[in-house]
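*Asks:*
Protein chains in written order, with the working numbering: chain P, 1 to 504; chain F, 10001 to 11111.
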């Protein structure tokens, strides 16, 4: 039995970030466009279209440099649009063969399609290539297609093609000749190899393939042999087709609009069961579930629930989703439900034999969800001080299992306790000799008997978020004789007094 | 002034990254606040004290001197508690110590020295960084010693270490005469209070009183509007009361004005190697640590009785001023029965015989004797005999060791220096003026600079001085490394979180030209680097870069300035360890030392001295002729070469400006060369002296004198005053000034700020001239001349010393080209041109330069004898870029031992030190072409790629089937262009034809001329020329004009680029390696320039050549 003849088509699209953006913006296609990547203010050009290139816009230029060119439209790189474009291209390629290998990174899209045995379906390779290229073009992407019976030869040839000659088909056995004129840059050489070939005066694949194999191996080892085979179009390739992504998503259109949460949760329970079965099959647990409700009137209502530990407990999930939807109910009747789950590991947390008994994770999650529903998502967790001089610098971290380290011991000595008011409450202050003398707080008027301060703090002067406060510790007496020990604070940036804390 | 408060705690930027203002800024602020005195206390040293004191003196502010000393015995300084997130690194607590008396100052100097010296290995990070930086800056790429530098720099970096600290026993040893404050946040009291409350705080203060005495400890309070600090203050007040100690208020000043807190925060981020965004609690809480007005401080401490009043009391106690250093120059040990003067006299008398005997001129000798007598009387009167003997001693050491040495600067005015062989110029024969060197009224030490062949031999002389005067008796002067455009851009950018690549791009664009036009601002550099200066963060970046310009970054070591002291130098200024073992450095730079009257000897490295020394060895060895530097004959052939401006490689007269003036000045004898060396300098050019002299020299202008009595003084320079000595003589003649008065006048004019002194002297000068019957017009003319050139004039003696070296270099180049070229290539980098240009110039003068050949080449370049008797030069292996010296030495040793290499494999096996990269390099530059069986460079590359891979035992067996048998060469020979690329990439030069040669036909077809063609064009013709850029210069005196030198196979052409053409072609001018220029030709007096109206990069030039760009 003879092996089936191999045949590969390489689909290759340059300046992919720009093409991905422009395909959705046909109006911009006729103007010079550049795509910037990076964090502001140091973004640089990562892709351009032909018009921009013709103007002289190059990769790596900064915003200011791009602005020196007239009429260049600048876009910010969008990974999500690139992902959708990539999906569209793969889908398009998938119409010709289910076996597709995807590779390439940066600003180039490359995929190779195994088209062996498709002649009966799509005609000879040349027809298929033209067909593929035309379909891709219809998607708004300029790509080239090279077909060869050698995988690597197809990839190398695709890199040499231009929009003027977007398709090339090389007959079996002709690879070496077809490749011989290509520059070495089409091979993925490491810098050392590139330098060696440059020193040897080897510039094309033809020159490389003419080197005696044994001598080349003596000098460059097996890598030399591999490169020579690549240059001759003889290197075999183990095809690694793209696997369909494992996704835990289910969607259900409801027969009639549902308004009651209980009815909805019944449907959700069914969908969850499906998801859990699929997750169990892969020995994973659900770590997060996003419920998206299609509402009457076209709006969508999406919520994500993420317990502390991944779980496949359907009852728990239903309870968590219920709590969340109780707190954030949909504003209209529900037409359709979609559940997208993230897979997570089912590992268990090992606690010490003598560690205090912790509540069961699932029960804790439910409790936390209840609390979140009451006080708000962002107000639940562990308060952690930040390394900053700003008076109110802290953040909330989600709860985690304690590590047992007690490096941050609480101060040994006794300190005065202050109750920080969050948020600080506005007060009206009268000054005398630049010190607070009288103020009104929570409807009560106070006279400051003693004022300590001002305590000044300011910072972040190098950024727009600069801040500055002046604080006074006051011992004040109300008209009824009540004494109030407090900390009044003035915002030096925006003006205005606030009560920051009360002392016990 | 009604409020009474004196700031006793100010740290300047010399607390290196812990202070945000210059010492001068603190003094200026004190003047504004009408503060009569202020104390400086920088971290662990007196680094800024000298400048603080000098500025204080100038402004009438008493400068108290102190330092903040880290004391490890007190434990760690205050840091936020562990439960607060912070990044404070543990550091010892620091106590501020103020000098009450000279004893206190000396003790503090010794205390600092003691713990600084304990930092055993080359401990001071700053010094090593500086040396590392110096190594980088003195060795531009293309240096043939490239192999050593990165390693050295890395070594220095690896050896960074923590700063040292004192302990109780040090404090006890050196406590007397010092007043101690308890310190604030960084002090031991604050740390103890936080650690163990008031009880621990009291114990700490008691410890201080035990060490310094009850009367010398003040409890310090600072109020920076911080809650925690006030708690500590209340505890401190309690402790002070219980121990009955005085309280003193300070503001712990770290910057002069409140807004400079930003600089301090920035420095904090840099010091802690964190980005400012994540510096958190390391940064200041607020902006209170500026120099506050007395009124403010009194209001702040109204509730603490005595706190501000005590600052006045303490200030009045601090009687020490830095002018009272107690410095004494060392005495020279003389034989029994001799005094220093008698011994010096003996040496001088012998020297006069030795120097003037061979001249066979009795009159001259008599005059010399008279002159040395005059000088000796003055030397004795001023007590400088020890100094002369010490310098003489260094000269004697150099002579014994065969080290070429020559004094430069004003010392050449002294017949005593000439007799002692310190200098090589005969001041009597040349009628130089001694008073320029030494005068009675100057009240400062003479300054003798010695030029030594660079690197090792200079190091030998330095080590000799250390050995002779001891580790604590001699030290190098420091060199303050300050923030400049590039360093500021890099460090601020890093602190603000910009990435390395962006910073690299920016620093490469920060203008480094000497001349800065309106568009050469930092803002423009930011713009060119692609930064949007409208973005707030980038605007802040730019702002901070500008504000930290000239602030000190760290302390470095001056390359050759040494200070020597009688007894212990560490009583006068703190010493620190330098990177080299046994070497110490003082905490002041040479200007500070000069300001405080500390004498120094500069042992400078001069590359050309090394070249001359090499020539003195090469010439007898290869030409069979003996040459004596002191007796080089005056030869018109040498002057003829200079007149043609054919001076590439010649000392001091090779620059573009020198070449442009040589044909006009037409040197014919030695004195013309002295003038030539002096005239092409910023001073004479700015003072508009250059052109009058040139016109007179060419006979286009009549030689006149401001007054007939000045003819003898100005005759040699055709009536145009060029030298400082002439200024002195003019004043002596026209206004009857004494020598020392005249010198005072010169210095008064030289110091721009001393207007008052200048006015007094000017009126004295005018009254003298009136007494001598000069009319007002002449007087005005003379006064104008004096004021214009005194600022920039050059000492004649210095010019003469340099002219001597210039003549010697010219003589050797013209007469012994092979030896000279070999010597100059062996001492790179030096001078104006790169080795590539020097080689091409030598080739144009008929020298055959042969390429590197592993069968012949040594590490250095060598002179070879051809069969026909001709001398040629062989490039050394040192020119192979990337070849490590020890590998090259192994290669040479293997060749000497086992004869020539027989194959690439033979080379690889006999010299295992050569790695594959080095073998490839040697093959690439053609150094293996002489091996049997190597056909060409590609063949060599093919072979070494195989030979360079170690093979296993299986392949090593003879007759193995796997051994390479195929002798065929699969690679094509290199093309001419590839060979050129390989030459420039591998050695930075080519011994083959000039790259322009290969394009000549094509260029000629386009009407583009060679530099030789330009010489035949008439003045004003419109020409097109092209060449390889070898030098770009934008002198500070040229108003933004840029001068480019372009080389081709026929010679060098000069291009002038006007500022507007530069603006339009900025990148082409600064980046292009091969250039095409269009414009009008200026051909005047044999000086040829193309005034560029259009510039273009020459297309398809692939060779990577390097130009020397002068900034």
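Glycine included, every Cβ here is placed at the ideal spot set by N, Cα and C.
Taking CB distances under 7 angstroms as the criterion, tell me whether residue 10225 of chain F reaches chain P.
*Replies:* For the purposes of this step, residue 10225 of chain F is taken as the residue at position 225 of the second chain. Cβ-Cβ to chain P under 7 angstroms: yes for residue 10225 of chain F.
*Asks:* Work out the CA separation of residue 10354 of chain F and residue 10598 of chain F for me, nearest whole Å.
*Replies:* Residue mapping note: residue 10598 of chain F aligns to position 598 of the second chain, counting from 1. Residue mapping note: residue 10354 of chain F aligns to position 354 of the second chain, counting from 1. About 33 angstroms.
*Asks:* Three-state secondary structure (DSSP) at residue 10892 of chain F?
*Replies:* The residue you call residue 10892 of chain F lines up with position 892 of the second chain. Correct three-state label for residue 10892 of chain F: helix.
*Asks:* For the structure I just gave you, are there three or more beta carbon pairs, one from the segment 11045–11056 of chain F and one from the segment 11014–11034 of chain F, closer than 8 angstroms?
*Replies:* Yes, they touch.
*Asks:* So if I threshold CB-CB distances at 9 angstroms, which residues from the segment 10081–10102 of chain F count as touching chain P?
*Replies:* Listed by position, the residues of the segment 10081–10102 of chain F near chain P (Cβ gap below 9 angstroms) are 10081, 10082, 10083, 10084, 10085, 10086, 10087.
*Asks:* Would you kindly work out how many angstroms separate the C-alpha atoms of residue 82 of chain P and residue 17 of chain P, rounded to a whole number?
*Replies:* Residue numbering aside, residue 82 of chain P sits at position 82 when the first chain is read from its first letter. Residue numbering aside, residue 17 of chain P sits at position 17 when the first chain is read from its first letter. For residue 82 of chain P and residue 17 of chain P, the distance between alpha carbons rounds to 6 angstroms.
*Asks:* What do you reckon, are the CB atoms on residue 10860 of chain F and residue 10876 of chain F nearer than 7 angstroms?
*Replies:* Indexing the second chain from 1 puts residue 10860 of chain F at position 860. Indexing the second chain from 1 puts residue 10876 of chain F at position 876. Contact flag set, yes.
*Asks:* Go to residue 301 of chain P, then tell me how far its alpha helix (DSSP H) extends in each direction, as first and last residue.
*Replies:* Along the first chain, read from residue 1 onward, the residue named residue 301 of chain P stands at position 301. Looking at the DSSP string, residue 301 of chain P is not in any alpha helix (DSSP H); the run it does join, the beta strand (DSSP E), is 300–305.
*Asks:* Whose C-beta lies closer than 7 angstroms to the C-beta of residue 10140 of chain F among residues of the same chain, with five residues either side of it excluded?
*Replies:* Position 140 of the second chain, counted from the start, is the residue given in the question as residue 10140 of chain F. Reliability fails at residue 10140 of chain F, whose pLDDT of 35 lies under 50, so the model's placement of it is uncertain and no value is given.
*Asks:* Going by the DSSP bridge assignment, what does residue 45 of chain P pair with across the sheet?
*Replies:* Your numbering for residue 45 of chain P matches position 45 in the first chain. Looking at the DSSP assignment, residue 45 of chain P forms a beta bridge with P:36.
*Asks:* Quick one: give me the first and last residue of the alpha helix (DSSP H) that residue 10838 of chain F is part of.
*Replies:* Looking up residue 10838 of chain F in the second chain gives position 838. It spans 10835–10844 - the alpha helix (DSSP H) in which residue 10838 of chain F sits, taken as one unbroken run.
*Asks:* Find the nearest neighbour of residue 213 of chain P within the set P:196, P:232, P:199, P:195, judged by alpha-carbon distance.
*Replies:* Numbered from 1 along the first chain, position 213 holds the residue referred to as residue 213 of chain P. It is P:232 whose Cα lies nearest to the Cα of residue 213 of chain P.
*Asks:* For residue 387 of chain P, go through chain F and note every residue whose CB falls closer than 7 angstroms to its CB, in chain order.
*Replies:* As a working mapping, residue 387 of chain P is identified with position 387 in the first chain. Near residue 387 of chain P (Cβ distances below 7 angstroms), the residues of chain F are 10085, 10086, 10087, 10280, 10281.
*Asks:* Can you name the start and end residues of the alpha helix (DSSP H) that residue 10853 of chain F belongs to?
*Replies:* Taking the second chain and counting its residues from 1, one reaches residue 10853 of chain F at position 853. Segment: none, residue 10853 of chain F is in no alpha helix (DSSP H) and carries neither H nor E.
*Asks:* Applying the criterion that 16 or more other CB atoms from any shown protein chain within 10 Å of the CB defines a buried residue, is residue 11001 of chain F buried or exposed?
*Replies:* The sequence position of residue 11001 of chain F within the second chain is 1001, counting from 1. Residue 11001 of chain F should be labelled exposed.
*Asks:* Quick check on the burial criterion: 16 or more other C-beta atoms within 10 angstroms. Buried or exposed for residue 495 of chain P?
*Replies:* For the purposes of this step, residue 495 of chain P is taken as residue 495 along the first chain, with counting starting at 1. Label assigned to residue 495 of chain P: exposed.
*Asks:* Only counting the same chain, and skipping five residues up and downstream in sequence, which positions put a Cβ closer than 6 angstroms to that of residue 10343 of chain F?
*Replies:* Translated into positions along the second chain, residue 10343 of chain F becomes position 343. Excluding positions up to five away in sequence, the list reads 10334.
*Asks:* Mapping DSSP to helix, strand and coil, what is residue 10962 of chain F?
*Replies:* Numbered from 1 along the second chain, position 962 holds the residue referred to as residue 10962 of chain F. Summary for residue 10962 of chain F: the model assigns pLDDT 48, below 50, so the residue's position carries little reliability; its value from the coordinates is reported in the next sentence. In this structure, residue 10962 of chain F counts as coil in the three-state DSSP scheme.
*Asks:* In this structure, how does DSSP classify residue 10018 of chain F when only helix, strand and coil are distinguished?
*Replies:* Stepping through the second chain from its first residue, residue 10018 of chain F is reached at position 18. Note: residue 10018 of chain F maps to coil in three-state DSSP.
*Asks:* Using 7 angstroms as the limit for Cβ to Cβ distance, is residue 36 of chain P near chain F?
*Replies:* The residue given as residue 36 of chain P occupies position 36 in the first chain. Judged by the 7 angstroms Cβ criterion, residue 36 of chain P is not in contact with chain F.
*Asks:* For residue 10646 of chain F, does the count of other Cβ atoms within 10 angstroms reach 16, so buried, or fall short, so exposed?
*Replies:* Locating residue 10646 of chain F in the second chain gives position 646, where the first residue counts as 1. Result: buried.
*Asks:* What is the rounded straight-line gap between the Cα of residue 237 of chain P and the Cα of residue 44 of chain P?
*Replies:* Your numbering for residue 237 of chain P matches position 237 in the first chain. Your numbering for residue 44 of chain P matches position 44 in the first chain. Each residue's alpha carbon lies about 36 angstroms from the other.
*Asks:* Does any CB atom of chain P fall closer than 7 angstroms to the CB of residue 10251 of chain F?
*Replies:* On the second chain, position 251 is the one that residue 10251 of chain F refers to. False, the Cβ-Cβ gap to chain P never drops below 7 angstroms.
*Asks:* Can you check which of these residues, F:10230, F:10470, F:10616, F:10262, is closest to residue 10544 of chain F by C-alpha distance?
*Replies:* Within the second chain, numbered from 1, the residue matching residue 10544 of chain F stands at position 544. Checking every option, the nearest Cα to that of residue 10544 of chain F belongs to F:10262.
*Asks:* Using a Cβ-Cβ cutoff of less than 7 angstroms, which residues in the same chain neighbour residue 10364 of chain F once the five nearest sequence positions on both sides are dropped?
*Replies:* Translated into the one-based positions of the second chain, residue 10364 of chain F becomes position 364. Contacts found: 10356, 10428, 10429.
*Asks:* Less than 7 angstroms between the beta carbons of residue 458 of chain P and residue 468 of chain P, yes or no?
*Replies:* The sequence position of residue 458 of chain P within the first chain is 458, counting from 1. The sequence position of residue 468 of chain P within the first chain is 468, counting from 1. Going by C-beta atoms, residue 458 of chain P is nearer than 7 angstroms to residue 468 of chain P.
*Asks:* Beta carbons nearer than 8 angstroms to chain F: which residues of the segment 172–206 of chain P have them?
*Replies:* Cβ contacts with chain F: 196, 199, 200, 201, 202.
*Asks:* Hey, which unbroken runs of the alpha helix (DSSP H) at 4 residues or more fall wholly within the segment 11021–11065 of chain F?
*Replies:* Runs found: 11059–11064.
*Asks:* Can you tell me where the alpha helix (DSSP H) holding residue 329 of chain P begins and where it ends?
*Replies:* Taking the first chain and counting its residues from 1, one reaches residue 329 of chain P at position 329. Per DSSP, residue 329 of chain P belongs to no alpha helix (DSSP H) and is neither H nor E.
*Asks:* For chain P, find out if any of its Cβ atoms is closer than 7 angstroms to the Cβ of residue 10306 of chain F; answer yes or no.
*Replies:* The sequence position of residue 10306 of chain F within the second chain is 306, counting from 1. No, no contact with chain P.
*Asks:* For chain F, is any of its Cβ atoms less than 7 angstroms away from the one on residue 306 of chain P?
*Replies:* Working through the first chain from its first residue, we reach residue 306 of chain P at position 306. So no, residue 306 of chain P is outside the interface.
*Asks:* Return yes when at least one heavy atom of the ligand NAD lies under 6 angstroms from the C-beta of residue 10528 of chain F, else no.
*Replies:* As for the ligand NAD, it is missing from this structure, which has no ligand bound.
*Asks:* For residue 11073 of chain F, name the three-state secondary structure that DSSP assigns.
*Replies:* One-based indexing of the second chain puts residue 11073 of chain F at position 1073. If DSSP states are grouped into helix, strand and coil, residue 11073 of chain F belongs with coil.
*Asks:* How many angstroms separate the CA atom of residue 110 of chain P from the CA atom of residue 235 of chain P?
*Replies:* Along the first chain, read from residue 1 onward, the residue named residue 110 of chain P stands at position 110. Along the first chain, read from residue 1 onward, the residue named residue 235 of chain P stands at position 235. For residue 110 of chain P and residue 235 of chain P, the distance between alpha carbons rounds to 19 angstroms.
*Asks:* Confirm, please, whether the CB-CB distance from residue 127 of chain P to residue 169 of chain P is below 7 angstroms.
*Replies:* On the first chain, position 169 is the one that residue 169 of chain P refers to. On the first chain, position 127 is the one that residue 127 of chain P refers to. No, these two residues do not count as a Cβ contact at 7 angstroms.
*Asks:* Under DSSP, the beta strand (DSSP E) around residue 9942 of chain F begins and ends at which residues?
*Replies:* Within the shown structure, residues of chain F are numbered from 10001 to 11111, placing residue 9942 of chain F beyond reach of any answer.
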